[in-house]
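Residue numbers (my numbering), protein chains in the order written: chain A, 1 to 111; chain B, 1001 to 1113. Where is the CB? At the ideal position from N, CA and C, for every residue including glycine.
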Amino acid sequence: AQTVTQSQPEMSVQEAETVTLSCTYDTSESDYYLFWYKQPPSRQMILVIRQEAYKQQNATENRFSVNFQKAAKSFSLKISDSQLGDAAMYFCAYNWNQFYFGTGTSLTVIP
Amino acid sequence: GAGVSQSPSNKVTEKGKDVELRCDPISGHTALYWYRQRLGQGLEFLIYFQGNSAPDKSGLPSDRFSAERTGESVSTLTIQRTQQEDSAVYLCASSLVIRNEQFFGPGTRLTVL
């Protein structure tokens, strides 16, 4: 069965610093997709970044990048130069036939 | 519309009443998902529709929950004989194909008194 684990319920980071959110998953598939979603207090889920498993290169979107380790089934999110607007719940998600979400990490950004 | 819309945004109901939640996906999106999110929790998969295929109902928590979708358009999630434990935010998402990023609606906050 596919499962997604986010072992950090809460994280905090100083403004302008870098923080890494961890995510691991379990699958027997070789071709799948991984996502990080952000959910601010407004509760609107927003896609942050996406990674196709067949691509070895780590995805990057401006200040957001991932460290995708396929063999280790690890998919961490790095946020550089953290901003106050980055404060939110972050969900890791796995998709092959269906979407599976982790339990989320609440990120606080300290001014 | 430009995004996924859901209505109502908030719903307060009395225990035992039936409720209907509506989702309008992005035009052209063949896949549609419903999730439940309890306060401070992650997303709990309920059901998904893919084109004209039979929906995957494996996440529905009880037979009080049902959902319909007409073609590739609007979907309604119905909860019969609501219970206090049904109080949550119900999120709808759509995607262009089954393996693609989901676009979420703003959710419906359901409160059962």
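| Asked | Found |
| --- | --- |
| Quick one: residues in its chain with C-beta nearer than 8 angstroms to the C-beta of Phe-1104 (chain B), no 5 flanking neighbours on either side, listed in chain order? | Val-1004, Leu-1091, Cys-1092, Ala-1093 |
| Hey, is Leu-1077 (chain B) close to the ligand ADP, as in C-beta under 7 angstroms from one of its heavy atoms? | The model depicted lacks the ligand ADP and carries no ligand whatsoever. |
| Mind checking who Ser-1094 (chain B) pairs with in its DSSP beta bridge? | B:Leu-1032, B:Phe-1103 |
| Please check the pair Asn-95 (chain A) and Tyr-37 (chain A), which I expect to be a contact at CB under 8 angstroms, by giving their CB distance rounded to whole angstroms. | Rounded, the Cβ-Cβ distance is 11 angstroms, inconsistent with contact. |
| Would you call Ala-1031 (chain B) buried or exposed, if buried means 16 or more other Cβ atoms sit within 10 Å of its Cβ? | buried |
| Between which two residues does the beta strand (DSSP E) holding Met-45 (chain A) run? | Run containing Met-45 (chain A): none; DSSP gives neither H nor E here. |
| Quick check on the DSSP output: the beta strand (DSSP E) that includes Glu-10 (chain A) runs from which residue to which? | 10-14 |
| Mind checking Ala-59 (chain A): buried by the 16 CB within 10 Å criterion, or exposed? | buried |
| Which residues share a DSSP beta bridge with Arg-1022 (chain B)? | B:Ser-1007, B:Thr-1076 |
| Counting only beta-carbon separations shorter than 8 angstroms, does Met-11 (chain A) have a partner in chain B? | no |
| With 16 other CB atoms within 10 Å as the buried threshold, where does Asp-1086 (chain B) fall? | buried |
| Shorter than 8 angstroms from the beta carbon of Val-1019 (chain B) to some beta carbon of chain A? | no |
| If we call anything under 8 angstroms between Cβ atoms a contact, is Pro-1106 (chain B) one with Gln-39 (chain A)? | no |
| May I ask you to list, following chain order, the residues of the region 32-53 of chain A that have a beta carbon less than 7 angstroms from some beta carbon of chain B? | Tyr-33, Phe-35, Arg-43, Gln-44, Met-45, Leu-47, Arg-50 |
| Using 8 angstroms as the threshold, is the region 13-25 of chain A in touch with the region 66-86 of chain A, meaning 3 or more CB pairs across them? | yes |
| Under the assumption that Arg-1069 (chain B) contacts Asp-1018 (chain B) (Cβ atoms under 8 angstroms), give the Cβ distance between them as a whole number of angstroms. | Not confirmed; about 19 angstroms, so no contact. |
| How big is the Cα-Cα spacing for Val-1112 (chain B) and Leu-1039 (chain B)? | 14 angstroms |
| Does any residue of chain B bring its CB to less than 8 angstroms from the CB of Gln-14 (chain A)? | no |
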